[in-house]
Structure formats: C-alpha cells, structure tokens
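Just below is one structure, and these are the notes that go with it.
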Amino acid sequence: MSYSADYLPRVETNVHASSNPVAILNDGGSPKASISTTQEAGAKKVDYKRDIQPILTASCYACHVGEKAQAELRLDTKAGALKGGVSGPVIIAGNSKGSLLIQRVHGEGGRMMPPSGQLPKEQLGLLAAWIDEGAEWPEGETVASKNTPPAQSQTADGKAAGQTLDFEKDIQPILKASCYQCHTGGQPAAGLRLDAKTLAMKGGVSGPVIVPGNAQGSRLIHRVLGLNDEPRMPLNHP
C-alpha cells in the first residue's frame with residue numbers, strides 16, 4: 025500500500041545547496057533536487073485542538089460520536105478513538121501508514137471516509153503528521169455537548185397553515201440533496217435506505233426512523249436536529 029507525498033508534509037524539497045543533502049539523480053545522472061528529511065527549523069508541531077479537532081468535528085462527528093456511533097467507532101473521546109471500532113484500532117500512534125483512519129480517508133481498505141468525499145490534501149497531511157508525531161490528544165478534550173432545542177423547534181412547519189406538503193415536490197429534493205449519498209443502494213449507512221418508501225418506513229439497524237403523524241417521535245427528525253446526544257445528520261451539515 026502506498027500513498028502520495030501529499031500527506032507527508034514534513035519532507036522538505038530544497039533546490040538550494042544543503043550542508044547535508046541527499047541527492048536524487050535523474051536518468052542522466054544530474055542532481056534534480058536535494059531533500060532534507062528533517063523538519064524545517066521552527067516548524068509547528070501539529071496541535072490536536074487547533075489542527076485535528078476541527079477536521080473531526082466537520083467530517084467525522086456526524087457518525088462517530090456518542091454511544092450509538094457507527095461501526096462502534098467513537099472519535100469524540102481519546103479513549104474511544106484509540107480503542108477503535110468493529111474493525112479494530114484505527115489510530116496507531118507513530119505509524120500513519122499502518123493506521124486504518126488514514127487508509128480510509130484515502131479510500132483504501134474499505135469505503136471512502138467521510139462518505140461525502142475525500143478530505144482536502146492539507147487536512148490529509150495534518151491527520152497523517154499528527155499520527156506520526158504520536159497522536160497526542162489532551163485529556164478531557166471531547167465533542168461539545170449539544171443542547172436540546174426548545175420543543176416548538178422540534179416539529180417541522182408546513183409551508184403554510186393548512187397546506188399539504190407534496191413528497192415529490194417538497195420532500196424528495198431534500199432527501200436527494202442531503203441523504204441519498206449515504207442512504208441508498210445495497211450497503212446504505214446504518215442499514216437505512218431513504219430512496220424507497222417501504223425501506224424508509226422499515227428503518228435501519230436502530231429501528232424505524234419515521235413515525236407517520238408524529239414528527240417529534242420520529243428518529244429522522246431527532247437526527248436532523250441533533251437531539252438526544254446523537255450525531256446530527258446530514259454529514260457536513262451547516
């Protein structure tokens with residue numbers, strides 16, 4: 025398994041003379057560049073709170089926080105992240121190439137994570153460098169607790185009083201834009217398909233998510249509002 029140098033930002037290419045260069049020769053035998061494998065003097069060490077937690081918050085917390093984290097992998101606590109999930113540990117401190125977390129964000133060893141698309145190269149580099157530097161994670165750093173919105177915000181309002189919503193016109197576009205990326209096909213996330221009525225009503229591994237006539241009792245509404253200390257959906261929500 026190999027990765028591009030994009031996620032190994034600590035290797036510096038220097039075309040100028042060096043006190044201890046490692047020459048790389050082209051086919052003609054002339055030096056192309058000299059590479060220093062040491063960190064640039066004064067380079068900042070990757071900091072969990074500044075560099076890593078924002079990536080996890082934006083791209084991982086939607087599925088991997090709380091007691092019902094997908095694949096039993098929690099990334100909101102140090103203990104949970106280092107323990108790993110159903111596939112075993114995902115972070116091997118000091119070894120980014122051997123860490124399943126890095127493999128998955130590169131689309132290797134299974135489904136690309138996050139499902140919404142590959143992370144920017146800079147973020148891939150930060151994650152890899154953080155793990156190679158020992159995956160330091162301050163004790164007590166966890167995802168911020170969520171506050172339950174007031175009761176009146178837990179029920180979706182119709183377009184106007186007495187006006188009936190139309191599934192194809194009003195609801196299906198929302199599902200297509202925000203849910204179909206993960207919840208369609210043969211291997212939908214959490215076993216939940218939202219692209220067919222019978223499957224949507226059946227629900228997923230956690231049971232039904234839609235209770236007709238009862239928005240407050242429907243888990244679909246709980247998840248899009250981020251209630252009950254569960255990950256908010258969809259991924260990359262505003």
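Okay, so the sequence shown: first residue is 25 according to the working numbering, each after it adds one. Beta carbons: idealized from backbone N, C-alpha and C, even for Gly.
- For Leu99, the number of other beta carbons within 10 angstroms of its own is at least 16, and it is reported as buried.
- The beta carbon of Val235 sits closer than 7 Å to those of Gly241, Ser242, all from its chain and outside the five residues before and after it, given in chain order.
- Annotated as proximal: Ile76 and Leu150, with beta-carbon spacing under 8 Å.
- The criterion of a C-beta distance shorter than 8 Å is not satisfied by Cys206 and Pro197.
- For Gly112, the pairing in a beta bridge is given by DSSP as Gly109.
- For the region 183-210, the full-length alpha helix (DSSP H) segments reaching 4 residues or more read 196-202 along the chain.
- Per DSSP, the unbroken alpha helix (DSSP H) holding Arg243 starts and ends at 243-249.
- Apart from the 5 residues on each side of it in sequence, Ala159 sits with its Cβ closer than 7 Å to the Cβ of Ile115, Ala117 in its chain, given in chain order.
- Taking 8 Å as the cut-off, the beta carbon of Trp154 is found closer than this to the beta carbon of Tyr72.
- Rounded to the nearest angstrom, the Cβ distance from Asp219 to Thr208 is 4 Å, consistent with a contact under 8 Å.
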